[in-house]
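Asker: Handing you a structure now.
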Amino acid sequence: METEVINYELRLYVAGKTAKSVSALANLKKYCEEHLKGQYTIEVIDLLVQPQLAEGDQIFAIPTLVRKVPEPIRKIIGDLSNEEKVLVGLNIRPR
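Pasting the structure below:
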């Protein structure tokens, strides 16, 4: 039986290139490469450039990671430095 490949659509909301934002993106890329190789897209949205986009995903703190697909939508706030918390939050099983 084949296991279905799930593609993850992730959206990271940041505000400029702060240390937290840069760290969150670096951590996210690392986890995705380790656990979702070839099965993910990351869209980075800078709210200093596109503040109107915060409303659609109800973003109240930054950085915030939103998992759009697969549903249900999930959010994780912070610099994503705790790998276990991020994987659990995104419902990703470690390889």
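So in the UniProt record's numbering, spot 40 of the sequence shown is number 40, and the numbers just go up one at a time.
Note that beta-carbon positions come from the ideal geometry of N, C-alpha and C, so glycine has one too.
No experiment lies behind these values; they were computed from the predicted model shown.
(1) Looking at the structure shown, is Glu55 part of a helix, part of a strand, or coil, going by DSSP?
(2) On the CB-based measure, 16 or more other CB atoms within 10 Å of its CB, does Ser21 come out buried or exposed?
(3) Rounded to the nearest angstrom, what separates Arg74 and Gly56 at their Cα positions?
(4) Mind pulling the beta strand (DSSP E) runs of 3 or more residues that sit fully within the UniProt domain "KaiB" (11-92)?
(5) Using the C-alpha atoms, what's the distance from Gln52 back to Arg93?
Answerer: If we stick to the structure as given:
(1) Here the question's residue 55 lines up with position 55 in the sequence shown. Three-state result, Glu55: helix.
(2) If you number the sequence shown from 1, residue 21 lands on position 21. With 16 or more Cβ atoms within 10 Å of its Cβ, Ser21 is classed as buried.
(3) For the purposes of this step, residue 74 is taken as residue 74 along the sequence shown, with counting starting at 1. For the purposes of this step, residue 56 is taken as residue 56 along the sequence shown, with counting starting at 1. Straight-line Cα distance between these residues: approximately 14 Å.
(4) 40-46, 64-69, 74-77
(5) Residue numbering aside, residue 93 sits at position 93 when the sequence shown is read from its first letter. Residue numbering aside, residue 52 sits at position 52 when the sequence shown is read from its first letter. Computed Cα separation, rounded: 33 Å.
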